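Working notes for the structure below.
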Amino acid sequence: MSRYLRLLTLSIVIGLLPILAACSSNNKAESASSAKSPSASVSPSATESGKAEEPTDPRSQKFDPPVTITTAILDDGAARGNAFKPGESMEDNANIRWMKENMGINVKFDFIVTKPEDYDTKLRLLLSSGAKLPDAFAAGNDPLQSLLAAGKLMPLDDAIEKYAHPEYKKLLEKYSYALGEVKKDGKIYGLPAFFMGDEGTVMWIRKDWLDSLGIQPPKTLDDFENVIKQFTENDPDKNGKNDTTGLAVPLKEGPWTWMGQTDAIVAALTDQMINTYDVRLFWNKGADNKLSYGAIHPDAKLYLQKMKDWMSKGYMDKEAGIKDPSKSSELVASGKAGIMFGPFWMGDWPLGDATKNDPKADFQPYPLPVGPNGLVGRAEKPLTQGFTVFNKDFENIEAWFAYFNKIFAKKLEMEGDPYFDPRWKDGYHEGYDYVKLDGKVIKNNYEAAGVPAEQWPLKDGGTIDIRYMMTNILGNFTSIPNSNAAAVKKFLADPNAEPLTALEFDVKQLKQRQLDAAGVRVNQVVNEGKNYFTGPMTPTMKSKGELLKKLATESYLKIIYGEKPIEYFDEFVKQWLDNGGQKITDEVNEWYAKNQ
Amino acid sequence: MRYRSRGYTVFTVSNTIFLSLLSLICVLPLLHVLSLSFSSRAAATANIVNFWPIGFTTDAYVKTLGNEMFIQSLWVGVERTVIGTVLSMAVVTMAAYSLSKSVHKFPGRQIYIWIFVFTMLFSGGLIPSYILVSKLHLIDTIWSLVLPSAVSVWNMILMLNFFRTIPQELEEAAYIDGAGHLRVLWSVYLPVSMPSIATLSLFTMVFHWNSWFDGVIYMSNPDGYPLATYLHSMIVSDNLSRVGVTLASVENFSNRTVKAAQIFIGALPILIVYPFLQKYFVKGIVLGSVKS
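Residue numbers (the working numbering), protein chains in the order written: chain U, 45 to 640; chain B, 39 to 330.
Shown next, in the form of structure tokens:
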């Protein structure tokens with residue numbers, strides 16, 4: 045008996061060991077950080093005020109003694125094109141050496157990962173194991189909120205005021221509604237990575253099908269209905285089989301997603317924007333300056349009625365309810381559907397593949413249809429993709445901004461900008477993103493331009509995607525929203541025009557169909573449904589968000605598939621509100637009242 | 039010798055059909071991946087490839103084998119599997135040998151077994167494990183992938199029970215001839231336990247070949263990823279609803295053929311190992327070694 049008792053005690057003691065160890069290490073970490081924090085909050089301001097003599101010329105700013113900035117980066121080596129020369133890597137390349145020699149900045153990577161989830165995992169590990177965070181790094185969503193809550197991040201208002209490029213300050217002001225996630229107690233804790241915002245929906249239609257049936261591209265929603273009807277019933281591919289449908293649409297994720305979305309149909313019927321698959325999207329602003337969730341607005345019934353009607357008549361893919369965007373695109377690529385909504389880049393994949401499978405297949409982009417009340421529009425994809433944040437113990441934020449401003453000025457390419465580095469006039473690094481031949485700058489098709497092989501950046505004559513080399517400490521390679529509209533117009537007017545800026549070079553890389561689609565989007569100036577809630581997930585969103593997403597998406601599908609009558613919508617709204625939706629609405633409005 | 043009864047024929051026929059169907063279910067997905075990897079991108083996008091390539095091309099393989107990251111991670115994967123399996127088997131057999139002794143020869147055996155079993159039921163969890171590995175300075179080394187899983191208690195218990203079935207007489211005979219413990223383990227126990235060693239090695243190998251998550255957390259640079267981690271990061275697609283899509287990422291989520299090629303090459307080594315280990319899956323030579 046006593047032997048068992050001994051064993052039991054022993055196993056309990058052993059079992060408790062890890063817990064004890066964890067406790068003691070936690071305590072240590074906490075006491076260390078609490079001991080550190082008062083000094084940390086004092087020291088940056090002290091050093092900053094010490095350094096604030098007359099500003100040096102930003103172009104030739106060099107730090108002596110050199111500073112080291114640690115960072116972390118997401119680099120999906122498999123997904124990107126060539127970013128480095130053979131023998132070079134993220135940690136050792138032309139730009140890292142350039143920064144060291146010309147700016148006195150050493151860059152060190154604490155970790156490099158290939159997937160966003162892995163990046164978040166690493167951040168969580170660092171945070172919970174009490175290890176040192178990088179100085180400057182990208183963060184978003186959950187890890188960002190944990191970092192904020194743990195007080196690990198540096199407030200940036202002073203640094204922005206003191207060091208940031210004036211045009212960047214203006215940008216932050218203009219898009220301040222997108223900064224909700226990094227605001228705490230009235231201070232900004234992160235710099236947003238904006239993206240181009242050029243993925244607004246256009247309507248892709250099989251032009252050869254329109255021609256073979258002798259119909260015009262649809263201008264109104266009624267025309268549109270007629271086209272999908274004819275595509276479904278009148279055998280547009282003339283193969284004698286009833287095997288086509290009008291609209292390829294993924295409904296598994298509700299009306300809004302990244303490809304095949306039906307935001308244009310919503311916008312043609314109502315000024316509300318609707319999404320069911322994410323409780324953070326879309327919160328529309330009402331006349332009373334209150335936010336309300338689009339998916340439960342009575343106007344959603346108009347959308348549901350239309351979709352239900354089309355589904356019952358077979359104008360849409362019967363299996364839409366179980367398809368995600370990629371799966372849904374198989375239908376257009378295999379020539380079984382004639383219309384799909386989506387961003388401009390679809391012109392290459394998946395729609396370019398439709399042409400490869402059937403040379404006759406000719407998808408062309410068209411402007412969005414206008415609804416019965418003259419409404420037309422699309423959704424605005426949220427403009428930020430994460431933020432760059434700073435370790436609260438980071439002491440060299442001036443050096444970070446010195447590099448950031450240089451890159452930003454290069455993106456801006458504004459005349460007379462004091463931050464614009466003339467060494468980067470032609471591109472970033474000669475022999476990497478451009479070569480010079482008889483004084484002429486060449487950025488691609490080196491062989492065709494007559495550049496001798498030994499001057500090519502890569503042995504096979506390909507181009508280097510320089511962004512990966514340049515990003516390092518920036519965390520994100522931010523774009524200036526909508527800045528490529530002018531370039532799109534320029535190349536639409538004259539496809540052979542000479543690209544002058546880096547942006548124009550990028551636009552010129554587009555396939556013809558992509559460029560056409562970008563043009564269709566730029567030229568159709570319509571109302572873009574914004575999401576007015578940009579704050580962090582509220583407590584109830586965290587606890588009930590998944591449930592509400594499921595409830596909303598399933599209820600929509602039930603109505604569209606005719607399993608439930610349209611009146612079921614009211615029951616759904618009641619359920620949505622009772623199951624935490626009302627609480628979320630209150631939380632969202634509370635946030636909005638404070639942050640608008 | 040042949041059974042001609044009707045019942046026997048029916049049984050044979052239905053048995054053959056059943057087993058063929060079963061193997062077909064196993065082989066078809068593999069065949070689909072193989073033909074996808076040899077198809078053109080356009081055909082893959084339209085999802086019209088079944089079990090024969092459409093628009094035959096070896097592009098995907100050229101791309102995969104030319105991909106430094108893939109080759110690098112393939113190498114790390116092999117390295118990890120070899121080191122991990124050898125190490126794990128060494129530790130497991132030695133532990134199992136000592137613990138298979140009776141209490142008279144090994145006092146305190148029960149306590150040790152309890153300690154081992156305890157780790158089967160309770161583990162430190164992700165964060166403490168990470169702290170431990172980082173404090174031991176194993177981060178970014180191959181050891182962070184093989185050491186934490188070196189002692190597989192489950193395997194050890196299987197091995198232990200196998201050792202206990204070996205007749206004591208064999209061991210005693212060796213002792214009489216002057217062998218020590220190491221000698222007995224090496225020259226007597228191991229040769230008669232080949233089936234169980236082969237089985238457990240295979241388990242360990244497959245475990246190492248397939249585990250990906252430790253690669254993510256213990257490696258701070260993708261250069262150190264084993265193949266499973268790399269494949270995982272290739273194949274799991276990102277949620278694009280809230281991030282900007284660049285032309286490069288469009289290229290990535292459209293290259294199903296390359297993914298198929300990588301999956302196939304990734305599965306190959308383990309497929310090859312099976313037949314080689316097959317010959318050990320025969321009954322050991324214990325039977326008949328002892329006459330009493």
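Don't be surprised by glycine CBs; every beta carbon is placed ideally from N, CA and C. Because the structure is a prediction, the values reported are computed rather than measured.
The beta carbon of U:Gly148 sits closer than 8 Å to those of Lys106, Phe107, Asp108, Pro109, Pro110, Val111, Ala443, all from its chain and outside the five residues before and after it, given in chain order. CA-to-CA, the gap between U:Trp500 and U:Asn139 works out to about 18 Å. As a beta-bridge residue in DSSP terms, U:Phe431 pairs with U:Ala183, U:Pro236. Non-local C-beta neighbours of B:Ser161 in its own chain, meaning closer than 8 Å and more than five positions away in sequence, comprise Ser167, ordered along the chain.
Scanning chain U for C-beta atoms nearer than 7 Å to the C-beta of B:Tyr168 yields Leu169, Ser173, reported in chain order.
Residue environment analysis places B:Gly262 among the buried positions, since at least 16 neighbouring C-beta atoms fall within 10 angstroms of its C-beta. Here U:Asn528 is buried: its Cβ has 16 or more other Cβ atoms, across all protein chains shown, within 10 Å.
Not a single CB atom of chain U sits nearer than 8 Å to the CB of B:Ala134. Residue burial is scored here from C-beta neighbours: U:Pro583 has fewer than 16 other C-beta atoms within 10 angstroms and is therefore classed as exposed. The C-alpha of B:Leu125 lies about 15 Å from the C-alpha of B:Thr179.
For U:Leu118, the enclosing beta strand (DSSP E) covers residues 111-118. Take U:Gly421, set aside five residues on each side of it, and the residues of its chain with a beta-carbon closer than 7 Å to its own are Ala311, Val570, Asn571, Glu572, Gly573, in chain order.
The three-state secondary structure of U:Leu481, taken from DSSP, is strand. Interface residue (Cβ-Cβ distance to chain U less than 8 Å): B:Ile204 is not classified as such. Sequence-distant partners of U:Ala398 (beyond 5 residues in either direction) whose C-beta falls short of 7 Å from its own C-beta, in its chain, are Val376, Ala377, Gly379, Ala405, Phe407. Here B:Ile308 is near B:Trp247, since their CB atoms are less than 8 Å apart.
Among the residues of chain U, those whose CB is under 7 Å from the CB of B:Ala81 are Asn401, following chain order. Closer than 8 Å to the CB of U:Trp393 there is at least one CB belonging to chain B. Using a CB distance below 9 Å, no part of the region 188-200 of chain B faces chain U. Beyond the five residues adjoining it in sequence on each side, B:Ile301 comes within less than 6 Å, by CB distance, of Val71 in the same chain, given in chain order.
For B:Asn259, the nearest beta carbon of chain U is closer than 8 Å to its own beta carbon. If you keep only unbroken alpha helix (DSSP H) runs of at least 4 residues inside the region 41-87 of chain B, you get 44-75, 79-83. Comparing alpha-carbon positions, the option among B:His270, B:Gly104, B:Ile303, B:Ser239 lying closest to B:Ala128 turns out to be B:Ser239. Straight-line measurement puts the Cα of B:Met158 at about 53 Å from the Cα of U:Gly244. In the three-state reduction of the DSSP assignment, B:Asn259 falls in the coil class. Counting only runs of at least 4 residues, the region 200-275 of chain U fully encloses the following alpha helix (DSSP H) elements, listed from N- to C-terminal order: 201-207, 210-218, 251-257. Annotated as distal: U:Trp302 and U:Asn319, with beta-carbon spacing of 8 Å or more. As the crow flies, the alpha-carbon of U:Val495 is around 23 Å from that of U:Gly131. The DSSP-derived three-state label of U:Val617 is helix.
Within its own chain, the residues whose Cβ lies closer than 7 Å to the Cβ of U:Lys334, once the five positions on either side in sequence are excluded, are Asn633, listed in chain order. Along the region 137-169 of chain U, the positions whose C-beta sits under 8 Å from a C-beta of chain B are Phe153, Asp154, Phe155, Ile156, Val157, Thr158, Lys159, Pro160, Glu161, Asp162, Thr165, Lys166, Leu169, read in chain order. One finds Glu374, Ala377, Ser378, Asp397, Asn401 in chain U with Cβ atoms closer than 7 Å to the Cβ of B:Ala84, taken in chain order.
For U:Ile309, the enclosing alpha helix (DSSP H) starts and ends at 307-313. Interface flag for B:Val254 against chain U is set, since a Cβ pair is found closer than 8 Å. When secondary structure is reduced to three states using DSSP, B:Phe245 falls in the helix class. Residue pairing by DSSP places U:Leu335 opposite U:Lys329 in a beta bridge.
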